[in-house]
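**Student:** Per our numbering, residue 3 is the first one in the sequence shown, and the count goes up by one each step. We treat Cβ as the ideally placed atom computed from N, Cα and C, and that holds for glycine. Since the model is a prediction, treat every value here as computed from it, not as a measurement. I have a structure I would like to understand better, so I am pasting it below and will then ask my questions one at a time.
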Amino acid sequence: MRYETVTDVIGNTPLVRIDAAVHGLRNIDLYAKMELFNPFGSVKDRAAWNMVRDRLPGAAERGETVVELSSGNTAKALAVIAGMHGLPFRSVTNRMKVPEIKDLLLLLGAQIDELPGRSECLDPADTDDPLTRMYRTVSAAGGGYLHTDQYFNPRNVEAHARGTGPEIIADLDGRAPDYFIACVGTAGSSSGVARVLRGHDPAVTVVGLVAEKSDFIPGIRDIDEVHEVGLFDPEVYDTIEAISSAEAIDGLLTLVRRCGTLAGPTGGGAYQGAVRYLRGVDAELTERRTAVFIVCDRVESYMSYLRERRPELFAQAARPQSVRSLTTDDLAAARTIGVGDAQEWIDKEVPLVVDLRSPFAYRALHIDGSINIVDDLFGEMLHGGLPFGRRQPVLLVCPVGEKSAQYAALLTRMGHPDVRSLQGGVIAWRDAGAELVRD
């Protein structure tokens, strides 16, 4: 096959049957839509190209910069496309959590702006959020930016309503699958595909998968985050279920080792969530059914993510002092403290206040007298022992109090007598009207 340009290769990805000996479903044929075969490596190639293609003519002459609030596959695809058309690309994010993706974006010539957004997703209603202020700047007409706006742009959904969804039906000989299981990120692929499948057969069951709270799976939002995404409509899904990073990695390993599919964590989560849901209906079926999930991208970009969570996969010993080693009893033993009590404690006993947020968020607003140790670095420090004396009382602070509670539990297990987590985090402190300072 010969093509005039690499963007002509986007789409028409294969639909591959997963062997029943792998998933164990007796009455359901399970298929993977192999979006990792797109030229830039992910399902986001479709949305990126559809959002930008009609705006490219004249963009270089106008001196525009392609910009997107993304730290992952959308940014990667847009960086490639922008470079092909002589345009600079700018990634604006507050969750650049995968080093390989950051390195690849820099290799592609992208400029990366890491901002201290108060939430992991953009909240346009929060006018004080630096991420929101940046969003409004890049969206303004005549500002010199070609903003693709993946969280609110209907062309994100249309890319899948015109491509991914019809392709699935065509590959199933003109039939829609009985079940469609999709991870929810921007909600573009799940919404677009669901629209087409239900238009073909209203009886299609659509299952949305989100990440468990306080967990991180690249490409999947948790239930609070998806409600901040403009394209998300809960009515699209018959049910929404949470999946953990551990389950996503288990699914990834199954796809990689038993199916010859070099899927990333999102695809692993989609597979594991699909099998988990379908097992609940499989035993009740008396006729054959079909189900489809999406393999969103490739595993190679997530080696550090996997090494951190499953060091044994790389012949490395597991680290005993990590939040992933915490038990339910450990978490129950963690001490939390409300804003009022925390203020009184700070005034009387002067605990060391450790802010676990990013340096950007810390500089924007923080509790006076606190020190900033990013949560990942703090976790690394604990492997060598406590980074402060045992007699030192410590107050841990994070955005909403979840990460700090985990580290409080870990430090308590390690023998620190007086470490507490600020309940509700910096958000609760701010909402209570307590003083915050900025650098």
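Give a yes or no on whether the C-beta atoms belonging to Ile295 and Ile183 are separated by under 7 angstroms.
**Tutor:** One detail in the question is off: residue 295 reads as Phe in this sequence, not Ile. In this structure, Ile183 lies closer than 7 angstroms to Phe295 by Cβ.
**Student:** Can you tell me the Cβ-Cβ gap for Val195 and His162, rounded? I've got them flagged as a contact below 8 angstroms.
**Tutor:** That pair is a contact at about 5 angstroms.
**Student:** Sort Gly232, Ala84 and Arg177 by Cα distance to Ala205 and report the nearest one.
**Tutor:** With distances taken between Cα atoms, Ala205 lies closest to Arg177.
**Student:** Can you tell me the Cα-Cα spacing of Leu199 and Ser327, whole angstroms?
**Tutor:** Distance between the alpha carbons of Leu199 and Ser327: 42 angstroms.
**Student:** From Asp125 to Ala189, what does the alpha carbon distance come to, in whole angstroms?
**Tutor:** Low per-residue confidence applies at Asp125: pLDDT is 47, beneath 50, and the placement is therefore not dependable enough to give any value.
**Student:** Is it buried or exposed, Arg300, if we count other Cβ atoms within 10 angstroms and call 16 or more buried?
**Tutor:** When all chains shown are included, Arg300 counts as buried.
**Student:** Taking the beta carbon of Gly282 as the centre, do at least 16 other beta carbons fall within 10 Å, making it buried, or is it exposed?
**Tutor:** Gly282 comes out exposed.
**Student:** Pull up the distance between the alpha-carbon of Leu308 and that of Cys261, whole angstroms please.
**Tutor:** So the alpha carbons of these two residues sit roughly 19 angstroms apart.
**Student:** Can you give me the start and stop residues for the beta strand (DSSP E) that Leu287 sits inside?
**Tutor:** That residue, Leu287, is in no beta strand (DSSP E); it is neither H nor E in DSSP.
**Student:** Would you check whether the ligand SAH has a heavy atom nearer than 6 angstroms to the C-beta of Tyr147?
**Tutor:** Looking at this structure, you won't find the ligand SAH or any other ligand, since it has none at all.
**Student:** In terms of residue numbering, what span does the beta strand (DSSP E) encompassing Met36 cover?
**Tutor:** Per DSSP, Met36 belongs to the beta strand (DSSP E) from Ile30 to Met36.
**Student:** Could you please give the first and the last residue of the uninterrupted beta strand (DSSP E) stretch that includes Ile114?
**Tutor:** Per DSSP, Ile114 belongs to the beta strand (DSSP E) from Gln113 to Glu116.
**Student:** Taking C-alpha atoms, which residue in Pro401, Val421, Pro389 and Thr9 lies nearest to Ala363?
**Tutor:** Comparing Cα positions, the closest option is Pro401.
**Student:** Which complete beta strand (DSSP E) runs does the segment 31-75 hold, if anything under 3 residues is left out?
**Tutor:** Fully enclosed beta strand (DSSP E) runs of 3 or longer: 67-70.
**Student:** For the candidate residues Lys405, Asp370, Leu388 and Ala430, whose alpha-carbon lies nearest to that of Leu438?
**Tutor:** Measuring from the Cα of Leu438, the nearest candidate turns out to be Asp370.
**Student:** List the residues that DSSP assigns as beta-bridge partners of Phe234.
**Tutor:** BP columns for Phe234 are empty, so no partner.
**Student:** In the DSSP assignment, find the unbroken beta strand (DSSP E) run with Arg422 in it and report its ends.
**Tutor:** Here the beta strand (DSSP E) through Arg422 covers Val421 to Leu424.
**Student:** Quick one: any contact between the segment 400-417 and the segment 425-434, if contact means 3 or more CB pairs under 8 angstroms?
**Tutor:** The segment 400-417 is in contact with the segment 425-434.
**Student:** Decide yes or no for the touch test of the segment 271-285 against the segment 240-259: beta carbon pairs closer than 8 angstroms, at least 3 of them.
**Tutor:** Counting Cβ pairs under 8 angstroms, three or more are found: they touch.
**Student:** Sort Lys78, Tyr147, Arg432 and Leu233 by Cα distance to Trp51 and report the nearest one.
**Tutor:** When only C-alpha atoms are compared, the closest one is Lys78.
**Student:** Report the partner residues of Glu243 according to the DSSP bridge assignment.
**Tutor:** Paired residues: Leu211.
**Student:** Per DSSP, what kind of secondary structure is Val11 in: helix, strand or coil?
**Tutor:** Correct three-state label for Val11: helix.
**Student:** Around the Cβ of Val231, are there at least 16 other Cβ atoms within 10 angstroms (buried) or fewer (exposed)?
**Tutor:** By the 10 Å Cβ count, Val231 comes out buried.
**Student:** By alpha-carbon positions, which one of Asp377, Asp105 and Val355 ends up nearest to Pro361?
**Tutor:** Selected option, being the one with the closest Cα: Asp377.
**Student:** Using the Cα positions of Val277 and Ala62, report the straight-line distance between them to the nearest angstrom.
**Tutor:** Between Val277 and Ala62, the C-alpha separation is close to 47 angstroms.
**Student:** Rounded to a whole number of angstroms, what is the C-alpha to C-alpha distance between Ala434 and Glu289?
**Tutor:** Rounded to the nearest angstrom, the two C-alpha atoms are 57 angstroms apart.
**Student:** So what does DSSP say about Gly119, is it helix, strand or coil?
**Tutor:** Summary for Gly119: the model assigns pLDDT 48, below 50, so the residue's position carries little reliability; its value from the coordinates is reported in the next sentence. DSSP places Gly119 in coil when its eight states are reduced to three.
**Student:** Please report the residue range of the alpha helix (DSSP H) in which Ser360 lies.
**Tutor:** From DSSP, Ser360 is part of no alpha helix (DSSP H); its letter is neither H nor E.
**Student:** I'd like the span of the beta strand (DSSP E) that includes Ala184, first residue to last.
**Tutor:** Element bounds for Ala184: Tyr181 to Cys185.
**Student:** So, Thr15 versus Met36, is the Cβ gap smaller than 7 angstroms?
**Tutor:** Yes. Within cutoff.
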